[in-house]
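Residues in the sequence shown are numbered consecutively from 7, following this note's numbering. Glycine included, C-beta positions come from ideal geometry on N, C-alpha and C. Remember, it's a predicted structure, so these values are computed and weren't measured experimentally. A quick write-up on the structure given underneath.
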Amino acid sequence: MTQQRWYRSSLALIGAITLFRLVVASRLPVSDDEAYYWTWAQHLAFGYVDHPPLVAWLISLGTFGGIAHSSLSLRWPSILCEAAAAFAASRATRELQGNERAAFLTAFFFSLLPETRLLIGQALPDPPYLLAWSMSLWIMLRFERTRQRNDAVLLGLTLGAALLSRFFGWALIFGIAFYALTPQKRSLWKDGLWLALLLALGFYVPNIAWNASHHWANFAFTFHGRQAIRHLEVSRLFALSTFRYAIFAVAFWGVAWWAIIRPRFTLLAWTALPFTTFLIVLGMFQRVESYWLLGPFTSLCIGLGIAVSQLPVAARRTCLGVWLLLAVVSGFFISIASLPLPVQARIMRSSGHILVGSVVDRSYAYSSLARALRPAINNRAFRIVARPYEIASQLRYFGIHADLTDGSPQAQQFAMWPIVDTGSTCEILVTFAPHSIGSTIGQHSQKTDPTSRNQRLTYDVANQQGLAFNVRTSDAGPCHEGMPK
């Protein structure tokens with residue numbers, strides 16, 4: 007194909023994946039983390055306990071300041087970020103290699119990453135983070151060619167956006183800085199790279215100020231509260247999440263050697279490999295997650311597009327076929343989960359329930375829980391307390407004000423917002439029922455108090471076991487009236 011046809015193919019691929027995301031995003035319920043970030047969007051600030059603020063700003067944009075209320079309104083800004091990130095990564099490939107076929111392959115690998123959350127386009131910190139990372143690489147490569155100050159300014163903007171999306175954006179900052187310290191690239195500093203980094207820091211200053219005025223809450227959570235750092239222990243690498251990460255990281259390094267180290271794509275190497283290596287070492291001290299590799303994967307993906315474009319036809323088709331198969335399998339499960347629940351139930355029966363673990367989205371159950379609790383709060387007689395934050399966030403999303411008082415970092419975030427005084431005299435505590443699906447999300451399920459009245463509310467999803475909750479009040483008499491049934 008001609009260069010122009012490869013370019014149009016990249017746009018068509020990105021458009022098709024974006025359309026798929028829009029369809030399934032409009033159908034699937036809001037996840038626990040999305041509901042939590044939605045609560046942030048109701049209280050816009052320059053920072054939050056868990057992450058920098060950009061995800062909340064995007065949700066507020068998508069919901070038009072809280073006017074719109076649907077899963078698609080939360081997600082459409084993230085979906086556009088992912089589409090723009092794929093395009094930016096392909097343009098970075100074109101800037102580095104001058105080849106539209108390689109640019110198409112980069113868009114292919116990036117758009118079809120078999121990561122369920124990204125295929126759905128969930129409203130998480132990752133989509134703006136990926137957009138900022140890919141845009142920074144594209145503009146950095148362009149700045150290296152043009153040495154124009156307007157490119158330096160744009161680079162400062164995208165690097166600032168990376169810092170405001172995830173704290174991991176610092177890995178991108180340091181990668182670019184160390185790349186520019188190599189002897190062949192030092193002239194980048196006097197040509198304006200200093201301006202880009204200064205602007206990025208300027209954009210980040212409000213978040214630093216927020217941290218300073220909130221006891222450095224986000225920094226404390228990032229360095230300690232997210233995963234507690236313990237003593238050195240190699241056996242910790244065999245914890246499930248860390249072991250999964252180690253497998254991904256080893257594969258990452260193997261592909262990186264072939265795709266970016268041997269071809270001497272130095273910028274890609276500096277932005278992909280140091281942070282990946284740091285996380286491998288960190289895994290000996292605390293739990294790490296495989297999705298923390300998403301930023302470095304953006305750099306790797308650019309080299310991967312170039313490397314695969316140079317393979318023989320048979321090898322190239324094999325690589326694309328395997329990657330496409332993984333994406334199709336993930337997309338298949340997502341598509342079934344987005345169907346109407348009665349249709350899902352029929353599919354489960356016909357499959358002999360084999361698909362249950364991969365398909366059933368238990369977030370559907372929260373709307374039923376909210377309906378059960380609504381009569382109890384309509385007369386303002388009850389104060390709702392939920393543990394852990396997943397339940398509290400989902401109830402708030404469904405219009406039921408739930409407090410969170412479990413001592414978690416998320417409870418620290420809830421405590422920063424104004425208290426709503428309902429004038430209630432009775433309290434309902436909602437937790438995951440012990441030994442039920444969902445109870446492993448947070449270890450806050452309560453033991454039965456013999457002086458309290460307890461109810462177990464269980465909700466099926468597509469005729470499969472969904473979520474089970476304990477609902478209890480420790481007060482006597484009138485407080486038991488109106489308890490959810």
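Practice task
Check whether the Cβ atoms of I308 and T99 sit closer than 8 Å, and answer yes or no.
Solution key: yes
Handout entry: Any beta strand (DSSP E) of 3 or more consecutive residues that is wholly inside the segment 309-335
Key = none
Exercise for the section: Give a yes or no on whether the C-beta atoms belonging to S369 and V61 are separated by under 8 Å. Expected result: no
Exercise for the section: Go through its chain and collect everything with a Cβ distance to Q48's Cβ below 7 Å, but skip five positions before and after it. Expected result: G72
Exercise for the section: Within 10 angstroms of the Cβ of I126, are there 16 or more other Cβ atoms? Answer buried if so, exposed if not. Expected result: buried
Practice task
Report yes or no: do the segment 86-104 and the segment 139-146 share at least 3 C-beta pairs separated by less than 8 Å?
Solution key: yes
Practice task
Figure out for me which residue from L375, W139, I360 has the closest Cα to the Cα of E88.
Solution key: W139
Handout entry: Sheet register partners of T437 (DSSP bridge)
Key = N476
Exercise for the section: Give the secondary structure of T24 by DSSP, where H, G and I count as helix, E and B as strand, and everything else as coil. Expected result: helix
Problem - Between the CA atoms of Y403 and F420 - distance to the nearest angstrom - result: 14 Å
Handout entry: Closest residue to L137 among V159, F149, L169, T122 (Cα-Cα distance)
Key = L169
Exercise for the section: Could you check if V256 is buried or exposed, using at least 16 other CB atoms within 10 Å of its CB as the buried criterion? Expected result: exposed
Problem - Euclidean distance between Cα positions of V391 and L111 - result: 50 Å
Exercise for the section: Between the Cα of Y297 and those of S315, R123, S117, S357, spot the shortest distance and give me the residue it belongs to. Expected result: R123
Problem - Reference P394; option with closest CA among G289, F26, D38 - result: D38
Problem - DSSP bridge partner residues for I390 (one or two, in chain order) - result: A408, I434
Problem - Sub-8 Å separation of S171 and P212 beta-carbons - result: no
Problem - Straight-line Cα distance separating N105 from L160 - result: 24 Å
Handout entry: Rounded straight-line distance, which links the Cα of R33 to that of A474
Key = 23 Å
Exercise for the section: Could you check if T479 is buried or exposed, using at least 16 other CB atoms within 10 Å of its CB as the buried criterion? Expected result: buried
Exercise for the section: Compute the Euclidean distance between the alpha carbons of T164 and L332, then round it to the nearest angstrom. Expected result: 31 Å
Handout entry: Run of the beta strand (DSSP E) containing N384, from where it starts to where it stops
Key = It is not in any beta strand (DSSP E) - N384 instead sits in the alpha helix (DSSP H) that spans 371-384.
Problem - Beta-carbon proximity of L130 to S84, cut-off 8 Å - result: yes
Handout entry: Proximity below 8 Å, CB of I286 to CB of A275
Key = no
Problem - Under the three-state DSSP convention, the category N460 falls into - result: strand
Problem - Between the CA atoms of L347 and R377 - distance to the nearest angstrom - result: 17 Å
Practice task
Could you pull the start and end residues of the alpha helix (DSSP H) that Y135 belongs to?
Solution key: 132-152
Handout entry: Pair within 8 Å by beta-carbon distance, T277 and F258
Key = no
Exercise for the section: Using the DSSP secondary-structure output, state which residues sit across from Q470 in a beta bridge. Expected result: V467
Exercise for the section: Can you tell me which of the three DSSP states E106 falls into? Expected result: helix
Practice task
With hydrogens ignored, establish whether the beta-carbon of R389 is closer than 7 Å to any heavy atom of the ligand ATP.
Solution key: For the structure depicted, the ligand ATP is absent and the ligand set is empty, with no information on it obtainable.
Exercise for the section: Return yes when the Cβ of L204 is within less than 8 Å of the Cβ of G166, no when it is not. Expected result: no
Handout entry: For M354, the first and last residue of its enclosing alpha helix (DSSP H)
Key = 347-356
Handout entry: Residue environment, H220, which counts as buried when at least 16 other CB atoms sit within 10 Å
Key = buried
Problem - Inter-residue Cα distance where the pair is R380 and V30 - result: 28 Å
Practice task
Could you check what DSSP says for S414 in three-state terms: helix, strand or coil?
Solution key: coil
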